[in-house]
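Heads up: the sequence shown is residues 3 to 137, going by my numbering. Even for Gly, the Cβ is constructed at its ideal location relative to N, Cα and C.
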Amino acid sequence: MSFPNNLLSQSTWRQVGLGLTTMIFGLGTLATVSPTTASKGLGVVPTSPEGYEINEKSMVFLGIRDVAAALTLFWFYSERKAKEMGALTMASVLVCVADAWVAAWGPNGFGNRVWGLCGAGLAMFFIRAGLFQSQ
Numbered sequence: 003m004s005f006p007n008n009l010l011s012q013s014t015w016r017q018v019g020l021g022l023t024t025m026i027f028g029l030g031t032l033a034t035v036s037p038t039t040a041s042k043g044l045g046v047v048p049t050s051p052e053g054y055e056i057n058e059k060s061m062v063f064l065g066i067r068d069v070a071a072a073l074t075l076f077w078f079y080s081e082r083k084a085k086e087m088g089a090l091t092m093a094s095v096l097v098c099v100a101d102a103w104v105a106a107w108g109p110n111g112f113g114n115r116v117w118g119l120c121g122a123g124l125a126m127f128f129i130r131a132g133l134f135q136s137q
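Structure, rendered in structure tokens:
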């Protein structure tokens, strides 16, 4: 197998994928249960009552999206479908890119928050490559 798959065994890649799945589930749950806290994490702070309402609805939508993706990943994990986990994780990398873009255009600009999101996207891409090659 090629890099990065040869760094870890197949079962270890599955466990790393499970950890990533748990993180996606946790972030989705946070956005669903506490949308204001999740949006502040992205640097999106509403300034009016209407903005607050729109922000809350959109964060709940984004949270449910993450929870749905995580539940699918949990199912792939239970079925030992590492390649499918890798493919869905690749789609989640695009979500990280979009989150970083939103945070970069927020009131705080291109700060530590954006670098963290970029790092998360790179980590997800690395994990995706390992999962996708592990069959």
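Out of Ala105, Asp101, Phe128, which has the shortest C-alpha to C-alpha gap to Ala89? Phe128
Are there three or more Cβ pairs, one per stretch, closer than 8 Å when the stretch 92-104 is compared with the stretch 32-40? no
Taking Cβ positions, are Ala93 and Ile26 nearer each other than 9 Å? no
Could you say which of Pro51, Asp68, Gly132 lies nearest to Ala85 if we only look at CA atoms? For clarity, residue 85 is Lys in the given sequence; the question names Ala instead. Ranking Pro51, Asp68, Gly132 by Cα distance to Lys85 puts Gly132 first.
Just to confirm, are Arg16 and Arg82 a CB contact at a threshold of 9 Å? It is a contact, given that the beta carbons lie within the stated cut-off.
Could you check whether Leu22 and Ile101 sit closer than 9 Å to each other, using their CB atoms as the reference points? Sequence check: residue 101 is Asp here, not Ile. Not a contact, by the Cβ cut-off of 9 Å.
Roughly how many angstroms lie between the CA atoms of Gly28 and Ala122, to the nearest whole one? 14 Å
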